[in-house]
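Have a look at the structure below, then the notes.
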Amino acid sequence: VLKFAGDAIFCQWTASRSNPNKNLEYCVQKAANCAASIVNNCSDYLVGSNPVGGRRGSMRRDSVRSTRSSFEENFVRRRSSLDMPSDSSSEKDKLVRRTSQRGLTLQRGSSSRSGLDPSAATLNVKCGIGVGRVAGIHVGDDISRREYIILGDPIDQVAKAEAAASHGEVFASPEVIEYLAKIGTVQGDWETALKERRPMRIALREE
-9 VLKFAGDAIF CQWTASRSNP NKNLEYCVQK AANCAASIVN NCSDYLVGSN PVGGRRGSMR
51 RDSVRSTRSS FEENFVRRRS SLDMPSDSSS EKDKLVRRTS QRGLTLQRGS SSRSGLDPSA
111 ATLNVKCGIG VGRVAGIHVG DDISRREYII LGDPIDQVAK AEAAASHGEV FASPEVIEYL
171 AKIGTVQGDW ETALKERRPM RIALREE
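Here is the structure:
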């Protein structure tokens, strides 16, 4: 976690120069898995209780399909498999099948709240993903106040992707989509997204 910014959190996965397995493709994949897990567990979270309706987030069926990661259709990697890089042969052994019954539309999500007590409150979440070089700068002194500022193109990418997303969705910048295309086969209207240089949805919550 790089920084808490209001009601947002900036997180970073850093590529390793000494470990070729921990490259940018791996970091992008891990960030996408983490974002899918966040919308899985935190979308429409009923305060003081369990998530409403037990909703789960998963990668869009028409978004990304990969032969070596949890971007495969209807697959979600186990939490333990995110701890370190693994080869393609062992990774499939750590996949757990999760059958999705139907996609949760925004209309269905809003109508599901009608059965809640009017005094009940829910928390929601959405995610944006970017990739590239960033710089962290401390501004201030050790006496009064010091502020940590993050600079770089990925910050702008994340801002645009997050702004395009609705509650329970994960959007990725065009730069991220290019890396995902190296990992597997990106499906959906990703070519238009790259051409227009706009974010694209790669994950959403499901019931």
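Counting in our numbering, the sequence shown runs from -9 upward without gaps.
Beta carbons are placed, not taken as given, at the ideal position from N, Cα and C, and that holds for glycine.
| Item | Value |
| --- | --- |
| Inter-stretch contact (C-beta, 8 Å, three-pair minimum) for the segment 123 to 138 and the segment 160 to 171 | no |
| N- and C-terminal bounds of the beta strand (DSSP E) containing residue -7 | -7 to -5 |
| Any non-hydrogen atom of the ligand HEM closer than 7 Å to residue 14 Cβ | Ligands displayed in this structure: none; no statement on the ligand HEM is therefore possible. |
| Test item: CB-CB of residue 159 and residue 191 under 8 Å | yes |
| Residue(s) in a DSSP beta bridge with residue 129 | 137 |
| Proximity below 8 Å, CB of residue 29 to CB of residue 195 | yes |
| Simplified DSSP state of residue 117, which is helix, strand or coil | strand |
| Residue 176 beta carbon less than 8 Å from that of residue 144 | no |
| Residue 179 versus residue 154 - alpha carbon distance | 15 Å |
| Extent of the continuous alpha helix (DSSP H) to which residue 5 belongs | Neither: residue 5 is in no alpha helix (DSSP H) and is coded neither H nor E. |
| With 16 other Cβ atoms within 10 Å as the buried cut-off, status of residue 52 | Here residue 52 scores only 44 on pLDDT, less than 50, and its place in the model should not be relied on; the value that follows carries that caveat. When all chains shown are included, residue 52 counts as exposed. |
| Cutoff 7 Å; reference residue 6; Cβ partners in own chain excluding five residues on either side | 12 |
| Sub-8 Å separation of residue 254 and residue 122 beta-carbons | Because the chain spans -9 through 197 in this model, residue 254 falls outside it and cannot be assessed. |
| Pairwise C-alpha distance: residue 120 and residue -6 | 17 Å |
| Inter-residue Cα distance where the pair is residue 151 and residue 174 | 21 Å |
| Cβ separation of residue 1 and residue -8, assumed to be a contact under 8 Å, to the nearest whole Å | 6 Å |
| Cα-Cα separation, residue 16 to residue 116 | 22 Å |
| Straight-line Cα distance separating residue 135 from residue 27 | 35 Å |
| Residues near residue 172 by beta carbon distance below 8 Å, same chain, minus five either side | 15 |
| C-alpha gap between residue 78 and residue 4, whole angstroms | Low confidence applies here, because residue 78 scores a pLDDT of 41, under 50, leaving its location unreliable; read the following figure in that light. Taking the straight line from one Cα to the other gives about 21 Å. |
| Coil, strand or helix - residue 176 by DSSP | strand |
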